[in-house]
Amino acid sequence: MIREKYTKEKEKFKTYKEVFDEPTMRTIHKLTNEGHIEYVMGPISTGKEANVFLAKNSDDEFIAVKIFRTETSSFENMLKYIKGDRRFENIKPRKKDIVFTWCKKEFKNLEKAYNAGVDAPRPIISRDNILLLEFIGEGEIPAPTAKKNPPKDPKKWLTKILNMIKALYQKESLIHGDLSEYNILNFAEKPILIDIGQGVLKDHPAALELLKKDIENILNWFKRLGLKDIPEANKVYKEITGKKEDG
Ligand SMILES: Nc1ncnc2c1ncn2[C@@H]1O[C@H](COP(=O)(O)OP(=O)(O)OP(=O)(O)O)[C@@H](O)[C@H]1O
Ligand SMILES: [Mg+2]
């Protein structure tokens, strides 16, 4: 029985060999020794840069474990968002350092979301390429993305999401930078922002362009959902930043 369980565990990790390389296993081990992780249960998602797993902590609570792959991430793309961020000056352009910085950046951005009162998973800890987060779901079932489960009340959601963009910008000087229905979870009809690693501060060279893109993505999505009376992107942009349309 034990042997069978062990083989199963080994199989589970083998499938994810690319994710669970030796340094990553060592980091998991450290996090386990410190009580942050009790055991990893199974995959929630395989994304472009990271894999997300369901786990339990030593208080028997579910947590999400986001593991950034250190070999197959798009480093060039990551660097675009890291350079120009005064929180991460002097980063060495080595693959490993880029990914570790990216992971820390998502942690810090999630802290900012929390401080701004914006609904996003609470960050627990970031270590190397591993980010531990509050798990968003019911029991062990993760909340679906808003792409998969669109809101029942789009009007209410649009207002909420625009207020989230505004709170991030005005209270914490942060722009999500990849906002869309794919990076919003529908948690019992409540929007939860996720995947905020690329988020930049408002003095980043690409900040305003990213903010515009976020606003447009959201407005277009609600248009596709059939919502009427959608505000103009420029008006929203101006209200959030206090700037003129092209400022
Ligand atoms: N805290 C969480 N609680 C529950 N599910 C989560 C959580 N974080 C992420 N997920 C799930 O994992 C998926 C991927 O997460 P995320 O978007 O942060 O990573 P990613 O690697 O950037 O993925 P992608 O490339 O698909 O955007 C999400 O769509 C969601 O289904
Ligand atoms: Mg994502």
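The working numbering runs 152 ahead of the 1-based position in the sequence shown. Built from N, CA and C at the ideal position, the CB exists for glycine as well. Quick caveat: nothing in here was measured; it's all calculated off a predicted structure.
- Contact between the segment 218 to 227 and the segment 236 to 255 is established, with three or more Cβ pairs separated by less than 8 Å.
- Rounded to whole angstroms, the separation of the alpha carbons of T179 and E186 is 11 Å.
- Distance from K312 to P273 at the Cβ level is roughly 17 Å; contact not present, criterion being Cβ atoms closer than 8 Å.
- According to DSSP, T297 shares a beta bridge with L337.
- Counting every other CB atom within 10 Å of its CB across the protein chains shown gives P296 a total below 16, marking it as exposed.
- Closest by C-alpha distance to D237, out of R376, G378, F374, G349, is G349.
- A residue is called buried once 16 or more other Cβ atoms fall within 10 Å of its Cβ, and Y191, having fewer, is exposed.
- By the neighbour-count criterion, in which a residue is buried when 16 or more other Cβ atoms sit within 10 angstroms of its Cβ, D381 is exposed.
- Between L283 and E258, the CB-CB gap stays under 7 Å.
- Residue environment: G291 is assigned as exposed (fewer than 16 neighbouring CB atoms within 10 Å of its CB, all protein chains considered).
- Here F220 has E201, A202, V251, W254, C255, N281 as same chain residues with Cβ atoms under 7 Å from its own Cβ, once five neighbours each way along the sequence are excluded.
- Rounded to the nearest angstrom, the gap between the Cα atoms of L314 and I327 is 12 Å.
- Runs of the alpha helix (DSSP H) spanning 4 or more residues and lying entirely within the segment 304 to 360 occur at 306 to 324, in chain order.
- Counting only residues of its own chain and dropping the five nearest sequence neighbours on each side, I234 has a CB closer than 8 Å to the CB of F240, I243, I250, T253, W254, K257.
- The DSSP-derived three-state label of E228 is helix.
- No heavy atom of ligand 1 is found nearer than 6 Å to the CB of E186.
- Restricting attention to N338, S332, R376, A358, the CA atom closest to the CA of I367 is found in S332.
- Relative to L363, the option among T393, G378, M193, L379 whose CA is nearest is T393.
- Residues G236 of the same chain have their beta carbon placed closer than 7 Å to that of P357, with the five preceding and five following residues left out of the count.
- Secondary-structure assignment with DSSP links V217 through a beta bridge to F205, L284.
- For Y266, the secondary structure class from DSSP, reduced to helix, strand or coil, is helix.
- Where V388 is concerned, the enclosing alpha helix (DSSP H) starts and stops at 385 to 393.
- Shown here, Y191 sits in a strand according to DSSP, grouped into three states.
- Residue range 174 to 185 is occupied by the alpha helix (DSSP H) that includes I180.
- Taking C-beta atoms as the reference points, Y334 and K299 count as a pair closer than 7 Å.
- Look at which beta carbons fall closer than 6 Å to any heavy atom of ligand 2; those residues are G199, Y334, N335, D347.
- Membership of I276 in the beta strand (DSSP E) is indicated by the continuous run 275 to 279.
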